[in-house]
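First comes the structure, then the notes that go with it.
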Amino acid sequence: MTPNDRMRAAELACRCVLRLGRSTLPVDPYTMLRYSRGVYLYPLDELPGRILSEGRDALQPLRNGKVAAVSFSTDPDHCVICYQPEAYPPRLLFSMAHELGHLVLRHCGGPSDRASTQERMADLFASCLLMPPPLLSLLAREHGGLYAEQLAGVFGVSPLAAFYAASNAAIPLREETRLAIEQLLLETARRRFPTRVSGRWHPMPPMAQP
Ligand SMILES: [Zn+2]
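Residues in the sequence shown are numbered consecutively from 303, following the numbering used here.
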């Protein structure tokens with residue numbers, strides 16, 4: 303993934319957050335997917351028979367619990383996103399954001415058609431959608447040392463996903479995007495910030511400022 307790929311994924315993710323325009327956290331990829339043109343969104347146990355047969359291979363990792371959501375195209379204009387509603391909520395949230403990433407970044411086909419770079423870009427998109435980089439750097443500046451569990455509490459992700467997001471804080475975004483994200487979500491992030499710390503929590507790696 304080039305620095306340009308990283309900037310593109312982060313910028314597009316933040317613009318999706320701004321387009322939805324909600325000042326609540328966690329960021330909601332379900333609503334974004336529900337309102338995306340040409341997207342059919344199904345819980346695993348409500349899949350129509352036609353999709354079950356067309357997406358048999360793509361659905362396999364979802365059926366055996368390896369992933370919490372998958373997406374695949376049924377034709378050039380339509381995309382099916384199928385998810386396991388029983389999955390651990392932070393995992394499901396990240397998976398939905400990841401599948402939205404494939405859609406926004408225009409990664410066609412199904413899981414077996416995608417290159418590993420595309421998977422890493424969709425992960426980066428998901429991370430920046432759920433934990434917008436401007437908020438990470440602002441919270442790091444306000445609190446100094448952060449714990450992964452604190453960010454997990456603010457953003458509804460797993461502590462591991464929060465830990466890996468540290469390197470996103472320094473991704474440069476357009477100034478207007480950065481300011482708009484701050485205006486939309488910083489107060490909410492501050493309100494949700496857990497103040498009590500447990501001795502078993504994991505310190506975040508240092509975050510470079512953009
Ligand atoms: Zn993927």
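No residue lacks a Cβ here, since even glycine has one placed at the ideal position from N, Cα and C.
Residue i CB to nearest heavy atom of ligand 1 below 8 Å
i, result
"A389", "no"
"R493", "no"
"A442", "no"
Distance, residue j Cα to residue i Cα
i, j, result
"S414", "G446", "42 Å"
"L314", "P436", "14 Å"
"G501", "L349", "44 Å"
"D425", "C381", "19 Å"
"L361", "R476", "37 Å"
"F374", "G357", "7 Å"
"S397", "E478", "28 Å"
"C318", "P331", "9 Å"
"L448", "G351", "47 Å"
"E444", "D307", "29 Å"
"P378", "M506", "42 Å"
"R487", "S429", "The residue asked about is misnamed: residue 487 is Leu in this sequence, not Arg. Taking the straight line joining both Cα atoms gives about 16 Å."
"N470", "A371", "23 Å"
"R408", "A450", "31 Å"
"S355", "P496", "46 Å"
"L453", "L405", "26 Å"
"P508", "G455", "19 Å"
"G369", "P363", "According to the sequence displayed, residue 369 carries Val and not Gly. Distance between the alpha carbons of V369 and P363: 6 Å."
"L441", "E489", "11 Å"
"E421", "T333", "22 Å"
Counterpart residues of residue i in DSSP-defined beta bridges
i, result
"I353", "None; I353 has no bridge partner."
"V369", "Paired residues: none, contrary to the question."
"F374", "V382"
"P345", "Y385"
"P505", "Y449"
heavy atom of ligand 2 below 8 Å from residue i C-beta
i, result
"H445", "With respect to ligand 2, the structure offers nothing, as its ligand set consists of ligand 1."
Task: the region 388 to 395 touching the region 311 to 325, judged by at least three CB pairs closer than 8 Å - done: The answer is no - the region 311 to 325 does not touch the region 388 to 395, with fewer than three Cβ pairs under 8 Å.
Open item on the list: Taking 8 Å as the cut-off, does the region 334 to 353 touch the region 372 to 390 (at least 3 CB pairs, one atom from each stretch)?
Closed with: Yes, they touch.
Task: For ligand 1, residues whose Cβ lies under 5 Å from any non-hydrogen atom - done: Selection output, chain order preserved: E421, A424.
TODO: Specify whether the region 445 to 463 and the region 427 to 435 touch according to this definition: at least 3 beta carbon pairs, one from each stretch, less than 8 Å apart.
DONE: Yes, they touch.
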